[in-house]
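Participant: Mapping of the sequence shown onto mature numbering (1 follows the signal peptide of the UniProt record, and there is no 0): residues -24 to -1, 1 to 412, in sequence order.
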Amino acid sequence: MVRLIAPPCLTLGLLLLLHPPSAAFSPPTPPHHHRTHRPPLRPSRPPRRPPPLAKAGHRLTISEELTLERQATLVELPVMFSDELETSFDFERWDSHRSPGRYGRLLFGVLFGVTTRRIGVTVALLVVFSGFVQAYASMAAGDSRMPELQLPLTPFELTAPVLGLLLVFRTNTAYDRFNTGSDASWEVTGRLRSVMRQLVAWAGGPEVTAAERAAVFELIDGCCVLHAWLMSEYLRGEEGAAEGVELLRGIGEVAARGRQAGAREACDAMQLTPWLALTALSFEVNHRLPSLEVNQRIAIDAQLTSLTKALGTCEKLLRTPIPLGYTRYSVRFLWIWLTLLPFALVSTFGAFGVGTWWEDKPKPVLLTAMLFIGFIFLSIEDIAVQIEEPFAILPLNLHRKWLDQEANQLKTFLKFVGGTQEKGKPTKHDEHPSGA
């Protein structure tokens, strides 16, 4: 009597053949790297290299940091510590992030960072204005006919803590939005990944027909197209994405199966929304997979329900900013405070250097102080603006790339498992063997 290989063992064997643990959890290691021995069921990765300690290593790290600073257009890079070419985490970047050399390496961002570039013009105007205030104060001190324009410093000392707390609270609120948006984007990707996994796990069974297995392949492709559209046009406003046209075409084909005249044209004329696409996906799961059990349908629907909730969170972040009164009055209060501050500091620094070698020389003390104060306060305010809308700075393209890779792996795995199940179906004689 022919003995069949148990399906769980066969499935695990195929999985290990297709994607060994080292390839599934870490980037490929060059042949000359030495890999330490670990238990076979524990994910392995190349050993971490310590942060560079040599002088040349420091130059390379600083060069890479300057390259990131020049490439940044909206926020400091990188937003995510992960290798774009692989699905692994960038452990070397984490090592560099917490290395003691960060104090010297990150100082270059003061001159070349994206935040400095964004506020540079405003800070320069503030310094120029302070120069005019100082020049006028010097002329007024030598000409009694010119009125003095000076303010007491006490009001600024009393309001400085209020201004600082206002900016800090706004930055914390913006970070909460960024963190919520990051969680929601990972939730969207994770839920679609779970839907594909559940479909593949069900389609690998021996009772699934070839037509249903082909439908699973199409549903996986539909999940990838939906995810790509969500991560580009819907959450980022990137117009003209090909995924939107493909989604509408797929929804029209779903509606055309109802044999109603004009159904495809009506769907093509609709405005594409995530809810329409998710409804079409649910419809396809229920109608093209008749062998799916009730519990399995409920499990898939629960994933789509959680996905809908995560998309609702994304919509809330996109449609509802921090109350504009908070944002606008923070900027107004900050700008008035910084504009009037030179009139209070000009008298404070008027006697600076008296009795020293610097007494009869130009003293740009006020300009330096305003440059320092303006840079600090305006940087904090600008960082809050950078992270308030999270989807513009989150690397959503990496979500797309990783989900496409995982979808291809799942489809390859299903091809092997599905073909094996077809070949390995027991015959009637095997199911009822004669006694021996």
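Beta carbons: idealized from backbone N, C-alpha and C, even for Gly.
#1: By DSSP, does R121 sit in helix, in strand, or in coil?
#2: Find the nearest neighbour of I267 within the set H73, R94, L175 and G326, judged by alpha-carbon distance.
#3: Starting from S208 and walking both ways along the alpha helix (DSSP H), at which residues does that stretch end?
#4: State yes or no: is the C-beta of T303 within less than 9 Å of the C-beta of R153?
#5: Give the DSSP-derived three-state secondary structure of K339 in the structure shown.
#6: Please state whether DSSP places V184 in a helix, a strand or coil.
#7: Within its chain, find whatever has a CB closer than 6 Å to the CB of E163; leave out the 5 residues flanking it on each side and keep chain order.
#8: State yes or no: is the C-beta of N384 within less than 9 Å of the C-beta of S208?
#9: At which residues does the alpha helix (DSSP H) containing F84 begin and terminate?
#10: So, using beta-carbon positions, are D380 and C200 closer together than 9 Å?
#11: Suppose contacts are defined by Cβ-Cβ distances below 9 Å. Is F351 in contact with V109 by that definition?
#12: In whole angstroms, what is the alpha-carbon distance linking E214 and S106?
#13: Counting only the same chain and skipping the five closest in sequence on each side, list residues whose C-beta sits under 8 Å from that of I196.
#14: Pick from L129, Q247 and T289: whose alpha carbon is nearest that of S158?
#15: Whose C-alpha, out of T165, A186 and L125, is nearest the C-alpha of W205?
#16: Mark S161 as exposed unless 16 or more other C-beta atoms lie within 10 angstroms of its C-beta, in which case mark it buried.
#17: Tell me the rounded alpha-carbon separation between F367 and W178.
#18: Should G80 go down as buried or exposed, given a rule of 16 or more other Cβ atoms within 10 Å for buried?
#19: Around the Cβ of Y305, are there at least 16 other Cβ atoms within 10 angstroms (buried) or fewer (exposed)?
#20: Going by DSSP in three states, P16 sits in which element: helix, strand or coil?
#21: Taking 8 Å as the threshold, find out whether the stretch 249 to 256 comes into contact with the stretch 128 to 148 through three or more Cβ pairs.
#22: If you draw a straight line from the C-alpha of L294 to the C-alpha of H375, how long is it?
#23: What would DSSP say about Q126, mapped onto helix, strand or coil?
#24: Whole angstroms are fine: how far does the CA of V261 sit from the CA of E269?
#25: Which of the three DSSP states, helix, strand or coil, is assigned to R295?
#26: Using CA coordinates, which residue listed in L102, L87, G85 and R167 is at the minimum distance from L310?
#27: Would you give the residue range spanned by the alpha helix (DSSP H) that P318 belongs to?
#28: Buried or exposed, going by whether 16 or more other CB atoms sit within 10 Å of the CB of I359?
#29: Is it right to say I363 is buried, meaning 16 or more other beta carbons lie within 10 angstroms of its own, or is it exposed?
#30: Less than 9 Å between the C-beta atoms of L202 and L257, yes or no?
#31: Do you know how far the Cα of R78 is from the Cα of L283?
Facilitator: On the basis of the data shown:
#1: coil
#2: The sequence shown places Ser at residue 267, rather than the Ile named in the question. Ranking H73, R94, L175 and G326 by Cα distance to S267 puts L175 first.
#3: Counting along the chain, S208 sits inside no alpha helix (DSSP H), nor does DSSP assign it H or E at all.
#4: no
#5: coil
#6: coil
#7: A286
#8: no
#9: Neither: F84 is in no alpha helix (DSSP H) and is coded neither H nor E.
#10: yes
#11: no
#12: 42 Å
#13: M172, L175, V176, A383, L386 and K387
#14: T289
#15: When only C-alpha atoms are compared, the closest one is T165.
#16: buried
#17: 34 Å
#18: With a 10 Å radius around the Cβ and a threshold of 16 neighbouring Cβ atoms, G80 comes out exposed.
#19: Around the C-beta of Y305, fewer than 16 other C-beta atoms lie within 10 Å, and the residue is accordingly described as exposed.
#20: Its pLDDT being 39, under 50, P16 is placed unreliably by the model, and the measurement read from it follows with that caveat. Coil.
#21: no
#22: 19 Å
#23: Correct three-state label for Q126: coil.
#24: 11 Å
#25: helix
#26: L102
#27: Where P318 is concerned, the enclosing alpha helix (DSSP H) stretches over L300 to T324.
#28: buried
#29: buried
#30: yes
#31: Looking at the two C-alpha atoms, the distance is approximately 39 Å.
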